[in-house]
Structures are given as structure tokens and as C-alpha cells.
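**Student:** These protein sequence lines map, in sequence, to chains A and B. With my numbering, letter number 40 in the first sequence gets 40, and the count goes up by one each step, no holes. With my numbering, letter number 140 in the second sequence gets 1140, and the count goes up by one each step, no holes. Heads up, the beta-carbon is just placed ideally off N, CA and C, and yes, glycines get one too. This one's a predicted model, so the numbers in the text were calculated from it and none came from an experiment.
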Amino acid sequence: MKLEQTCHDGIKIVTVAEPRIDAAAAIRFKDAMRAVTAEGPDHVVLDLAQVRFVDSSGLGAIVAAMKQMGPGRRLDLAGLTPDVAKVFRLTRMDTVFIIHDAAGAAIRRASG
Amino acid sequence: MSNGFHRRIEAQEQAVRALLAETRAWLRARDVSEATCGTVEIALAEALNNIVEHAYAGRAGRIGIAAVLDGAQLRCTLTDRGRPLPGLCPPEGDGPALDRTGAEMPEGGFGWFLIRTLTRAQRYERTADVNRLTLAFELETGTDPAP
Chain A
1 MKLEQTCHDG
11 IKIVTVAEPR
21 IDAAAAIRFK
31 DAMRAVTAEG
41 PDHVVLDLAQ
51 VRFVDSSGLG
61 AIVAAMKQMG
71 PGRRLDLAGL
81 TPDVAKVFRL
91 TRMDTVFIIH
101 DAAGAAIRRA
111 SG
Chain B
1001 MSNGFHRRIE
1011 AQEQAVRALL
1021 AETRAWLRAR
1031 DVSEATCGTV
1041 EIALAEALNN
1051 IVEHAYAGRA
1061 GRIGIAAVLD
1071 GAQLRCTLTD
1081 RGRPLPGLCP
1091 PEGDGPALDR
1101 TGAEMPEGGF
1111 GWFLIRTLTR
1121 AQRYERTADV
1131 NRLTLAFELE
1141 TGTDPAP
């Protein structure tokens, strides 16, 4: 699972550079997230703008990624494409995460 | 243009991915809107993943799909020779409760909830050693957008 990371103003942006977080990718995603969030800022934004599709396994892996960061740390989401937004809306997981239109908006909000 | 689509795949995650891509391309070529393509792909993904993970539970096997497009109705029938659904009935799929926080947050339990929410009807039959799940969808076509 290809994840790219950058830091801006104390926020780590993790970009998923793959089109799907599905049953075939969920465990690799969760493991890759553990590696990139093990250290560094407490505030992480997961940029999903390149992800076209998430199924319930992928959704579970994103929740697991949040939980494994530990208490006192925060995982936001950004850049949900239409099918991904639909899964979050129907399962009401959009009420669990703070969701930004784009990763850049998360940084501007935090620094503004 | 044919209104029927039939495939047989190995019950394996990568084969499910490829089948979903092929099904979506088939729908798109018939002017089904992107939003509806997404609805169908999400529901089929959940049903196919359930077959791989629960009916066959990691064992080798095959899955058949037969899709029929009839006007604004799409019917997809999935067949497999894995274990039957518990109670010979599709689960209620209420979805996990979200009133928990932190370490208690649910990571699963959304599959059947999504299938029931995204389909118009679901029918499950077990005959001999074959599971047959039919999912029915109402389609919006891309050529006739809703106002």
C-alpha cells in the first residue's frame, strides 16, 4: 500500500496513492498506516482524493487506523470522492470523523 | 447491445476486484449514471466479499454472476457452493452502533447494512449445495438525469 507523507504546521498529511482501499488492500493499508503514524504529529489528515472506492473492509481499516494511533491523537479525512463519500454517509461514519473538502483546507483551518 | 452479463470467477479478492471493474464498465457502456454505478459496485463488493470470507472462508471455490438489465431495473444473481447463510436468510444488517467512542468504535458489521440500504430487494435461496443471492437495483440512466 503506497502512502505518501508530508508535514505542514504541525499536521501530518498522509496521502493514499492507490485507487482502492478494499478487502484485498485493507490489512496492508492498516499496517502501512501504523508505520507512518507511529511517530510525529498528534494531528493526522488522511488524504483520500486519489481513492475511488472503499468497501466495508476498507472502512473498518480506516477506523482501525484511527484507533491504533492511540488516545489524545486525531485522524481527520480529506478529499472524499463520490463513492467513498457515499459509504461514509450511509454508515454514518461521516459523523465520527472530521472530513475536509481537501487536505489543503485542513491545514488552512488549523493555521488560520 | 446485450442486456445480459455472465461471468464465473475464482473466490479470491483480486478476482473480485477485476469482476467489479468489468461490471462497472458494462453498466457505464449502457448509460447508467456514475452515482448508480457506485451504488451497484458497493453492494456487489459487499456480497462478493461475504462469499469469499464467509461462504468459502478462505477455501478455493468459484462464484458466478449473472446480471440482467431491463429498462430501469438491474438484477444481479450471485451463485456459490460455499457454506449457507446462517439461518438460511440474509442478516438484518442494522449496522453497528456508533454511540461508542475510542477503542470501542466498530470496525465491522457494515456489509449487510450497505447491501440492504443500496438495493431495492434481496432474495436468497439455497438449493442442493448452491447459494443463490439476487440483488435488485433501480437505475437512473445518465441520459435522463433527475431534475
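Could you tell me whether the Cβ of B/ALA1035 comes closer than 8 Å to any Cβ of chain A?
**Tutor:** So, interface residue.
**Student:** Which residues in chain A sit within 9 Å of B/PHE1113, going by Cβ to Cβ distance?
**Tutor:** Going along chain A in sequence order, the residues near B/PHE1113 (Cβ under 9 Å) are SER56, LEU90, THR91.
**Student:** Spatial neighbours of A/HIS43 within its chain, please: CB distance less than 6 Å, with the 5 preceding and 5 following residues excluded, ordered by chain position.
**Tutor:** Closer than 6 Å at the Cβ level, and outside the excluded window around A/HIS43, lie ILE11, ARG74.
**Student:** Is A/LYS86 close to chain B, meaning its C-beta is less than 8 Å from at least one C-beta of that chain?
**Tutor:** Closer than 8 Å to some Cβ of chain B, the Cβ of A/LYS86 qualifies, so yes.
**Student:** So, does the CB of B/ARG1017 fall closer than 8 Å to a CB anywhere in chain A?
**Tutor:** B/ARG1017 counts as touching chain A.
**Student:** From B/ARG1007, B/GLU1041, B/GLY1071, pick the residue whose C-alpha is nearest to that of A/ARG20; which is it?
**Tutor:** Of the listed residues, the one whose Cα sits closest to A/ARG20 is B/GLU1041.
**Student:** Counting only Cβ-Cβ distances shorter than 9 Å, please list the residues of the segment 2-27 of chain A near chain B, keeping chain order.
**Tutor:** Listed in sequence order: ARG20, ASP22, ALA23, ALA24, ALA25.
**Student:** Looking at the unbroken beta strand (DSSP E) that takes in B/LEU1048, where does it start and where does it end?
**Tutor:** Unbroken run through B/LEU1048 is the alpha helix (DSSP H), 1034-1050; no beta strand (DSSP E).
**Student:** Since I believe A/VAL84 is in contact with A/GLN50 (beta carbons under 8 Å), could you give me their beta-carbon distance rounded to a whole number of angstroms?
**Tutor:** In fact, because the Cβ distance is near 10 Å, the residues do not count as touching under 8 Å.
**Student:** Could you check the C-alpha separation between A/ASP94 and A/VAL63 for me, to the nearest Å?
**Tutor:** Straight-line Cα distance between these residues: approximately 11 Å.
**Student:** So with CB distances below 7 Å, who are the chain A contacts of B/ALA1045?
**Tutor:** Result: ASP22, ASP55.
**Student:** A/ALA64 touches chain B at which residues, Cβ-Cβ below 8 Å?
**Tutor:** Near A/ALA64 (Cβ distances below 8 Å), the residues of chain B are GLU1107.
**Student:** Classify B/ILE1154: buried if its beta carbon has 16 or more other beta carbons within 10 angstroms, exposed otherwise.
**Tutor:** For chain B, the structure presents residues 1001 to 1147; residue 1154 of chain B sits outside this window and is missing.
**Student:** Using three-state DSSP, classify A/VAL51 as helix, strand or coil.
**Tutor:** Here A/VAL51 sits in coil by DSSP.
**Student:** Can you find the residues in the same chain that come closer than 6 Å, C-beta to C-beta, to A/ALA61, ignoring five residues on each side of it along the sequence?
**Tutor:** So the qualifying residues of the chain are ALA26, PHE29, LYS30.
**Student:** Please compile the residues from chain A whose C-beta is within a distance smaller than 7 Å of the C-beta of B/GLY1071.
**Tutor:** Near B/GLY1071 there are no residues of chain A at all, since even the closest Cβ is about 24 Å away, more than 7 Å.
**Student:** Can you find the residues in the same chain that come closer than 8 Å, C-beta to C-beta, to B/PRO1090, ignoring five residues on each side of it along the sequence?
**Tutor:** Here the set comprises TRP1112, ILE1115, ARG1116, GLN1122, TYR1124, LEU1133.
**Student:** Please report whether the beta-carbon of B/LEU1139 lies at a distance below 8 Å from any beta-carbon of chain A.
**Tutor:** No - not a single Cβ of chain A is within 8 Å of the one on B/LEU1139.
**Student:** Under the rule that 16 or more other beta-carbon atoms within 10 Å means buried, what is B/ARG1008, buried or exposed?
**Tutor:** B/ARG1008 should be labelled exposed.
**Student:** Check A/GLN68 in the structure and name its three-state DSSP category.
**Tutor:** Note: A/GLN68 maps to helix in three-state DSSP.
**Student:** Taking only beta-carbon positions, decide if A/ASP83 is within less than 8 Å of chain B.
**Tutor:** Chain B, which has a Cβ nearer than 8 Å to the Cβ of A/ASP83, makes this yes.
**Student:** Going along the chain, which residues of its own chain have a beta-carbon closer than 6 Å to the beta-carbon of B/PRO1147, five neighbours each way excluded?
**Tutor:** Per-residue confidence for B/PRO1147 stands at a pLDDT of 42, beneath the threshold of 50, marking its modelled position as unreliable; the derived number appears in the next sentence. Result list for B/PRO1147: empty, nothing under 6 Å.
**Student:** Applying a beta-carbon distance threshold of less than 8 Å, which residues of chain D neighbour B/GLN1014?
**Tutor:** Of the protein chains in the structure, A and B, none is chain D.
**Student:** Could you tell me whether the Cβ of B/ILE1042 comes closer than 8 Å to any Cβ of chain A?
**Tutor:** So yes, B/ILE1042 belongs to the interface.
**Student:** Please check the pair B/PHE1110 and A/THR81, which I expect to be a contact at CB under 8 Å, by giving their CB distance rounded to whole angstroms.
**Tutor:** Not confirmed; about 18 Å, so no contact.
**Student:** Terminal residues of the continuous beta strand (DSSP E) containing A/ARG73?
**Tutor:** Where A/ARG73 is concerned, there is no enclosing beta strand (DSSP E), given that its DSSP letter is neither H nor E.
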